[in-house]
Every structure is written in C-alpha cells, then in structure tokens.
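Residue numbering for the sequence shown follows full-length UniProt numbering, beginning at 1 and increasing consecutively. Just so it is clear, CB atoms sit at the ideal spot from N, CA and C, and this is done for glycine as well. Predicted, not measured: the structure shown is a model, and the values here were computed from it. Okay, structure first, notes after.
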Amino acid sequence: MPVSAPSSTALPLHGGDIAAAEARWGRPVEGWLDLSTGINPHPYPLPPIPSSLWARLPGAEAEAELIRAAQHRFNAPAAAKIVAAPGSQALIQALPRLRAPGPVAILTPTYAEHGRTWNRAGHTVSLLTDPAAANPAGVLVIVNPNNPTGRCFDPAALAELSARFASAGGLLVIDEAFADPQPEMSLIPTLPAATVVLRSFGKFHGLAGLRLGFAVTTEAELAEGLHRGFGPWAVSGPALAVGAAALDDDAWASASRARLAADQARLIAVLTSAGLELVGGTPLFTLVRHSEAARIWDELGQAGILVRAFEGQPDWLRIGLPADDTEFERLARALA
Numbered sequence: 001m002p003v004s005a006p007s008s009t010a011l012p013l014h015g016g017d018i019a020a021a022e023a024r025w026g027r028p029v030e031g032w033l034d035l036s037t038g039i040n041p042h043p044y045p046l047p048p049i050p051s052s053l054w055a056r057l058p059g060a061e062a063e064a065e066l067i068r069a070a071q072h073r074f075n076a077p078a079a080a081k082i083v084a085a086p087g088s089q090a091l092i093q094a095l096p097r098l099r100a101p102g103p104v105a106i107l108t109p110t111y112a113e114h115g116r117t118w119n120r121a122g123h124t125v126s127l128l129t130d131p132a133a134a135n136p137a138g139v140l141v142i143v144n145p146n147n148p149t150g151r152c153f154d155p156a157a158l159a160e161l162s163a164r165f166a167s168a169g170g171l172l173v174i175d176e177a178f179a180d181p182q183p184e185m186s187l188i189p190t191l192p193a194a195t196v197v198l199r200s201f202g203k204f205h206g207l208a209g210l211r212l213g214f215a216v217t218t219e220a221e222l223a224e225g226l227h228r229g230f231g232p233w234a235v236s237g238p239a240l241a242v243g244a245a246a247l248d249d250d251a252w253a254s255a256s257r258a259r260l261a262a263d264q265a266r267l268i269a270v271l272t273s274a275g276l277e278l279v280g281g282t283p284l285f286t287l288v289r290h291s292e293a294a295r296i297w298d299e300l301g302q303a304g305i306l307v308r309a310f311e312g313q314p315d316w317l318r319i320g321l322p323a324d325d326t327e328f329e330r331l332a333r334a335l336a
C-alpha cells in the first residue's frame, strides 16, 4: 500500500510555522507544543544587555570579541577566517553569489534551502547520495551532521574530499548547523583548503531569534566576498554581545551537551514505544518512520503538537526535544 503524504499546500517549507499550523488545526487550548524544529528547548540564559547596545551601531571591537569567542568554541586554527552573519541561513543564501554558475552537487536527502539557493543563482544543481560522484571542479554541499537523517561523516573523510576539490579548483561546503552537540564531528579544527564550514548559533544555544551564524574558511577571497556582500553592521550589537558571552561559556556548553544527550535517549524511547521506527537524528531532533506518518502528523496537530513532515519522504517525521516532563508526557499521551 503506497504511503500518502499531506497535501503539499499543508506542508510549510520549514519547521516552526505556527501560523500555518493554526490555519489548519486552529489554536489548541493547551497552547502549541512545537517540536517541528531542531532548537534547544533550554536556551542559554541571556546576560544583561546595556541599553546603549540598542541605541548605537555595532562596533568593530565587539565584532572582534565575537570572532575571538567563536574561534575558541570551534577550536579553529589561527589561519581560519571567521565571518559573522545574521544567521547561517544568510550565509547559505550568500555563498552561491560568490561563484560563477557551474555544477553544484548536494548530498541528499538534506536541508532543502541549499538546493534552492544555488539553483536560484543559476548553478546546475544535482542531488547525490555518494559524495565521490561529485565533480571536484564544482561545489559539493554536505550537511554534517545531516538534517534530517543525522548521518555523520568523519572529519578525516571530509578532509580527503577537500583535497580532491582543492586540486581541481572546486569548493567543499560543510553545513555544521547541528554540530555543537557533537564537536568531534567538526571539520573546523583541521580546516583544509577549498572548504567553508557554516555554523549556526541559535540551534544549540536555543536562541534562534537572535539570528547569528558563522562561516569558517582558510580561503581569504571567499571570506572577503562574504564580508563585502553583507556590508557593515551585519550583526546587531546585542547579538554580538550575547554571542560572545555564550561562546565563551564552556561550562554551559558541556552541561547542555549532556542534557541534550539524555533527553534524546528519552525521546527515542517514547517514539519507539509508540511503534515508530528510528531512522536517525542528532541530540537536537529524532527522525522516525511510519507507514501512516501523515495520519500521525495530523493527529498530533489536532492535539496541539507540531512535528515536521516531509513531502518527499511521506513516511518520515522529524521530532524535536520536549523541554520538560510535562511536554514529554503530553507527547506520549498523544502517541498512545
């Protein structure tokens, strides 16, 4: 029996679209339990923000402090060029404009914005499952850990790929938006040539509304192109201050990684006990499979619980972490 998906008009392009959920199901009495994103439900505690940061333009010293903190957190080599931007999505949109139209391979299935942005910029986009099949004279995009499958590539294997692309004039783009809970998967500490690594701030720190992300590369021309494209004051003063404080807070990061791992294990237990098959995931989300995923998605929506469905994979559901016992119990009841 074929697996059916919700109609394409019912599926927003991204998670977290509460307006679309209310248009379909109405507003739940209990309020929404939004598990459709991969955002840490335990955000970094905001430090005091001086009122002057809201009143004046962001300064070069504050940006330099953020870059220093990012280099520390990412364990980036001294030669790395780090560009701060208003979110990793902004970097995803900026990169295609820095290369002449050409072949771009994207390891699939993955975050669809990569394909959309390279295609809009006039590049020839192909979706691959084997990175070895990519043209090394072009661009190869790999999300690591992958969204939504959680598939991980060993940094040593990625370094070998980058050497192929460097020798042929290509570029390897590694999207590490979900790498903070698994720092051992990052390519940044051994950052090779012909590579740019993208990092998100908001997902791991639970502050997606702050809009902060980073590109890390040894390619000076690429980094300069990103700087020129964003122009001055690309990141707000409050975001510079919060980002620097959070990225310097190693104790919070370590405790958060431990909590996310424990919560991920708890979520997997809830989902598998409800008859959902584990496909993959990261400490920030879990991907499951069910032949009636569309029905489950709809029933959860009716119960005020929003999870992520996929038009191209109608038997998949991606489910983020509940924040506490009450939310875990609410999800378990709805799946019973």
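Segments of 3+ residues assigned as beta strand (DSSP E) that fall wholly inside the segment 193-236: Runs of the beta strand (DSSP E) inside the segment 193-236: 195-200, 213-217.
If you follow the alpha helix (DSSP H) that Glu30 is part of, which residue opens it and which one closes it? Reading the sequence shown from its first residue, position 30 is the one you call residue 30. Secondary structure note for Glu30: it is in no alpha helix (DSSP H), with a DSSP letter that is neither H nor E.
Does the segment 146-155 come within contact of the segment 115-125, defined as at least 3 CB pairs closer than 8 Å? no
Per DSSP, what kind of secondary structure is Glu277 in: helix, strand or coil? Taking the first residue of the sequence shown as position 1, residue 277 is located at position 277. DSSP places Glu277 in the strand class (E or B) of the three-state scheme.
Report the option in Ala223, Arg68, Arg199, Asp325 whose CA atom is closest to the CA atom of Ser88. Taking the first residue of the sequence shown as 1, we reach residue 88 at position 88. Among Ala223, Arg68, Arg199, Asp325, the Cα nearest to that of Ser88 belongs to Arg199.
Does the distance from the CB of Pro238 to the CB of Trp54 come in under 8 Å? Here residue 238 corresponds to residue number 238 of the sequence shown, with the count starting at 1. Here residue 54 corresponds to residue number 54 of the sequence shown, with the count starting at 1. Result yes, Cβ atoms of Pro238 and Trp54 sit closer than 8 Å.
Whole-angstrom C-beta distance between Ser162 and Ala132, which should lie under 8 Å: The residue you call residue 132 lines up with position 132 of the sequence shown. The residue you call residue 162 lines up with position 162 of the sequence shown. At roughly 13 Å, the Cβ-Cβ gap does not stay under 8 Å, so Ala132 and Ser162 are not in contact.
Check whether the segment 294-306 and the segment 166-176 are in contact - that is, three or more C-beta pairs closer than 8 Å. no
Taking the alpha carbon of His72 as the reference point, which residue from Val242, Phe230, Tyr111, Asp250 has its own alpha carbon closest? Locating residue 72 in the sequence shown gives position 72, where the first residue counts as 1. If we check each option's Cα against that of His72, Asp250 comes out closest.
What is the residue span of the alpha helix (DSSP H) that Phe74 lies within? Counting from one through the sequence shown, the residue named residue 74 turns up at place 74. Unbroken alpha helix (DSSP H) run through Phe74: 60-74.
Less than 8 Å between the C-beta atoms of Ser256 and His42, yes or no? By 1-based counting over the sequence shown, the position of residue 256 is 256. By 1-based counting over the sequence shown, the position of residue 42 is 42. Taking 8 Å as the Cβ cut-off, Ser256 and His42 qualify as a contacting pair.
Judging by CA-CA distance, which residue of Ala215, Ala265, Ala258 is the nearest neighbour of Phe74? Counted from its first residue, the sequence shown places residue 74 at position 74. Closest option to Phe74, Cα to Cα, is Ala215.
Run through DSSP, which three-state label would Phe165 get? Reading the sequence shown from its first residue, position 165 is the one you call residue 165. The answer is helix: DSSP assigns Phe165 an H, G or I state.
Are there 16 or more other CB atoms within 10 angstroms of the CB of Pro151, so buried, or fewer, so exposed? Stepping through the sequence shown from its first residue, residue 151 is reached at position 151. Residue identity check: residue 151 is Arg in the sequence provided, not Pro. By the 10 Å Cβ count, Arg151 comes out buried.
Helix, strand or coil: how does DSSP classify Gly115 here? Residue 115 sits at position 115 when you count from the first residue of the sequence shown. In the structure shown, Gly115 sits in a helix (DSSP, three-state: H, G or I).
Alpha helix (DSSP H) runs contained entirely in the segment 287-333, provided each spans 4 or more residues: 293-302
Indicate whether Leu158 and Tyr44 have their beta-carbon atoms separated by less than 8 Å. Taking the first residue of the sequence shown as 1, we reach residue 158 at position 158. Taking the first residue of the sequence shown as 1, we reach residue 44 at position 44. No. Outside cutoff.
In three-state terms, what does DSSP make of Ser36? On the sequence shown, residue 36 is found 36 positions in, with the first residue counted as 1. If DSSP states are grouped into helix, strand and coil, Ser36 belongs with coil.
In angstroms, rounded to a whole number, what distance separates the CA positions of Pro96 and Gly138? Locating residue 96 in the sequence shown gives position 96, counting from the first residue. Locating residue 138 in the sequence shown gives position 138, counting from the first residue. Their Cα atoms are separated by approximately 12 Å.
Touching by the beta-carbon criterion (3+ pairs, under 8 Å), the segment 178-194 and the segment 274-289: yes
If we ignore side chains and look at the alpha-carbon of each, how far apart do Asp248 and Ala69 end up? Looking up residue 248 in the sequence shown gives position 248. Looking up residue 69 in the sequence shown gives position 69. Each residue's Cα considered, the two are about 6 Å apart.
Do Thr218 and Lys81 have their beta-carbon atoms positioned less than 8 Å apart in this structure? Taking the sequence shown and counting its residues from 1, one reaches residue 81 at position 81. Taking the sequence shown and counting its residues from 1, one reaches residue 218 at position 218. Yes, the pair counts as a contact, with Cβ atoms nearer than the cut-off.
For Pro103, name the three-state secondary structure that DSSP assigns. In the sequence shown, counting from the first residue as 1, residue 103 sits at position 103. Note: Pro103 maps to strand in three-state DSSP.
Roughly how many whole angstroms lie between the Cα atoms of Val307 and Trp316? Your numbering for residue 307 matches position 307 in the sequence shown. Your numbering for residue 316 matches position 316 in the sequence shown. Cα to Cα, Val307 sits roughly 10 Å from Trp316.
Contact set for Gly15: own chain, Cβ-Cβ below 7 Å, skip 5 residues either direction: Locating residue 15 in the sequence shown gives position 15, where the first residue counts as 1. These residues qualify, in order along the chain: Ser36, Thr37, Arg308.
So Ala253 and Pro47 are supposed to be a Cβ contact under 8 Å. How far apart are they, rounded? The sequence position of residue 253 within the sequence shown is 253, counting from 1. The sequence position of residue 47 within the sequence shown is 47, counting from 1. With 8 Å as the limit, Ala253 and Pro47 do not qualify as a contact, their Cβ atoms being about 15 Å apart.
If you run the structure through DSSP and keep just helix, strand and coil, what is Leu172? If you number the sequence shown from 1, residue 172 lands on position 172. If DSSP states are grouped into helix, strand and coil, Leu172 belongs with the strands.
I believe Leu187 touches Phe165 by the beta-carbon criterion, under 8 Å. Please report the beta-carbon distance rounded to the nearest angstrom. Here residue 187 corresponds to residue number 187 of the sequence shown, with the count starting at 1. Here residue 165 corresponds to residue number 165 of the sequence shown, with the count starting at 1. The pair is not a contact, with the Cβ atoms about 13 Å apart (cut-off 8 Å).
Separation of Gly202 from Arg211, as counted between CA atoms: One-based indexing of the sequence shown puts residue 211 at position 211. One-based indexing of the sequence shown puts residue 202 at position 202. Going by the C-alpha atoms only, they are around 7 Å apart.
Which residues mark the beginning and the end of the alpha helix (DSSP H) in which Leu127 is found? Residue numbering aside, residue 127 sits at position 127 when the sequence shown is read from its first letter. Run containing Leu127: none in the alpha helix (DSSP H); it sits in the beta strand (DSSP E), 124-128.
Alpha carbon to alpha carbon, how far is Gly243 from Gly229? Give it in angstroms, no decimals. Looking up residue 229 in the sequence shown gives position 229. Looking up residue 243 in the sequence shown gives position 243. Taking the straight line joining both Cα atoms gives about 21 Å.
List the endpoints of the continuous alpha helix (DSSP H) containing Leu53. In the sequence shown, counting from the first residue as 1, residue 53 sits at position 53. Leu53 -> alpha helix (DSSP H) spans 52-55.
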